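Number of protein chains: 2
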Amino acid sequence: MLRLSRLTDYGVVVLARLGEGDLPLHSAPGLATRTGLPEPTVAKVLKILAQAGMVEGLRGARGGYRLARPLAHIPLSEVITAFDGPIALTACVDGGNGQCESEHLCPVRGRWDPVNDAIRGALEKITVAELAGHSTAIALPHPELRLAAE
Amino acid sequence: MLRLSRLTDYGVVVLARLGEGDLPLHSAPGLATRTGLPEPTVAKVLKILAQAGMVEGLRGARGGYRLARPLAHIPLSEVITAFDGPIALTACVDGGNGQCESEHLCPVRGRWDPVNDAIRGALEKITVAELAGHSTAIALPHPELRLAAE
DNA sequence: GGTAAATAGGACCAATCCTGTCCGCTTTCC
DNA sequence: GGAAAGCGGACAGGATTGGTCCTATTTACC
């Protein structure tokens, strides 16, 4: 179904909550109650977001997480990459040196790259702010996501 | 990794081989040897392609499969839909009535639709012929896959 | 008319991947 | 010094997918 992992979905939701701006700092337990997600899961999501540099974690009592950048500067592609790894539709991507045993027989060798690039490009153009909907984002549907050849 | 299923990948490869045009008819065992894929898998792929109307199966001895349409008329989105189901990045899509228990808490409710539409649009624009590369396709990289806002 | 070859359809098992959770450690405020 | 919170890793359960096999049906050839 071309689905991205559930963690990625959670990541966007958590980021959106973090950007709601009433408080600059949110704790993982607090975010858990506000999102309706289980607390250990939210903690895991925040850890991944912190490692990827989208949020900053402040340790110690009265600690918590805050956005490292405004949501409008976080492209969706970055969230997906943090949780799901590189954005690519097939396993045989970007180089793909000899890891496919039918390589010499494969008629589509290397042809997937432009497709992957197109998907990547689309996901780089939309930001989490636009998904959250409470920002300076353009109203949906996104004009920049329409394709040139239409 | 935003990957589509391996079967889909096989589907494209098998379609590409079917379109190589030397013979109009190919048997599943024959395609298996020509693609380097195990025969039962190729058979399964062909059955799915036949159900989806992209290839036609001719039963009986001297039977086989042939393309129902030229590859240039088979968009990549159709192959993906046949193997992986509807093209959507998240589970909460297109309607999504009450199947998400945190629905009332979710700040990104319904916002994914334009993203999904953009991906769908990109995958409808490219055909299997272009992936196969032996056709009347435009040379890569595909100009129609570039986004408008660049 | 019989046999062989090939598709059609479905069921099945194994393996992989993902999810969700938990633990111990470190840091910081009160 | 204690409590609260983040950090890092490990781990088991479950769902999904991949790959295989079996049987029935159809058709060409002898």
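Chains as they are written, first to last, in my numbering: chain U, 13 to 162; chain X, 13 to 162.
Note that the Cβ used here is the ideal one computed from N, Cα and C, for glycine as well.
Nothing here was measured: the structure is a model prediction, and the numbers come from that model.
- Distance from the Cα of Val-140 of chain U is smallest, within the candidate group U:Tyr-22, U:Leu-14, U:Ser-17, for U:Tyr-22.
- The beta carbon of Arg-29 of chain X sits closer than 8 Å to the beta carbons of His-38, Leu-43, Arg-46, Thr-47 from its chain, once the five residues preceding and following it are set aside; these are given in chain order.
- DSSP, reduced to helix, strand and coil, places Glu-32 of chain U outside both helices and strands of the structure shown, so it counts as coil.
- No Cβ-Cβ contact shorter than 8 Å links Ala-144 of chain X with Pro-126 of chain U.
- Annotated as proximal: Met-13 of chain U and Gly-97 of chain X, with beta-carbon spacing under 8 Å.
- In this structure, Ala-80 of chain U sits near Glu-68 of chain U, with a CB-CB distance shorter than 8 Å.
- DSSP places Gly-69 of chain X in the strand class (E or B) of the three-state scheme.
- Inter-residue distance for Pro-41 of chain X and Pro-50 of chain X is about 9 Å (C-alpha atoms, whole angstroms).
- Taking a beta-carbon distance threshold of 8 Å, Gly-42 of chain X does not count as an interface residue toward chain U.
- Distance from the Cα of Arg-18 of chain X is smallest, within the candidate group X:Gly-133, X:Phe-95, X:Gly-122, for X:Phe-95.
- Contact annotation, Ala-64 of chain U with Tyr-77 of chain U: C-beta distance approximately 13 Å; criterion of less than 8 Å not satisfied.
- In this structure, the CA atom of Thr-102 of chain U is about 30 Å from the CA atom of Ala-55 of chain U.
- Where Arg-78 of chain U is concerned, the enclosing beta strand (DSSP E) starts and stops at 76-79.
- At the C-beta level, Ile-86 of chain U and Leu-135 of chain U stay beyond 8 Å of one another.
- Nearest neighbour of Leu-70 of chain X by Cα position, chosen from X:Val-26, X:Pro-36, X:Lys-137, X:Thr-93, turns out to be X:Pro-36.
- At a C-beta separation below 9 Å, Gly-23 of chain X has no neighbours in chain U, since its nearest C-beta there lies roughly 11 Å away.
- It is roughly 33 Å from the alpha-carbon of Pro-82 of chain X to the alpha-carbon of Trp-124 of chain X.
- Ranked by Cα distance from Lys-59 of chain U, the options U:Leu-27, U:Ile-131, U:Lys-137 are led by U:Leu-27.
- In the DSSP assignment, Arg-132 of chain U falls within the alpha helix (DSSP H) that extends over 125-137.
- Residues of the same chain with a CB within less than 8 Å of the CB of Gly-133 of chain U, apart from the 5 flanking positions on each side, do not exist.
- Between Ile-138 of chain X and Thr-20 of chain X, the C-beta gap is not smaller than 8 Å, which leaves the two residues out of contact.
- No Cβ of chain U is located within less than 8 Å of the beta carbon of Thr-139 of chain X.
- For Arg-81 of chain U, there are no neighbours in chain X by C-beta distance under 7 Å, as the nearest C-beta there is about 18 Å away.
- In the DSSP annotation of this structure, Ile-86 of chain U is not part of any alpha helix (DSSP H), being labelled neither H nor E.
- Taking C-beta separations shorter than 7 Å and ignoring five residues to either side along the sequence, the partners of Leu-16 of chain U in its chain run Ile-92, Asp-96, following chain order.
- Counting only residues of its own chain and dropping the five nearest sequence neighbours on each side, Val-25 of chain U has a CB closer than 7 Å to the CB of Thr-47.
- Around Ala-100 of chain U, the beta-carbon contacts reaching into chain X at under 8 Å are Met-13, Leu-14, Arg-15.
- Sequence-distant Cβ neighbours of Gly-31 of chain X in its own chain, meaning closer than 8 Å and more than five residues away, are Leu-79, Pro-82, Leu-83, Val-140, Ala-141, Ala-144, His-146, Ser-147.
- A straight line joining the alpha-carbon of Met-66 of chain X with that of Gly-122 of chain X spans about 32 Å.
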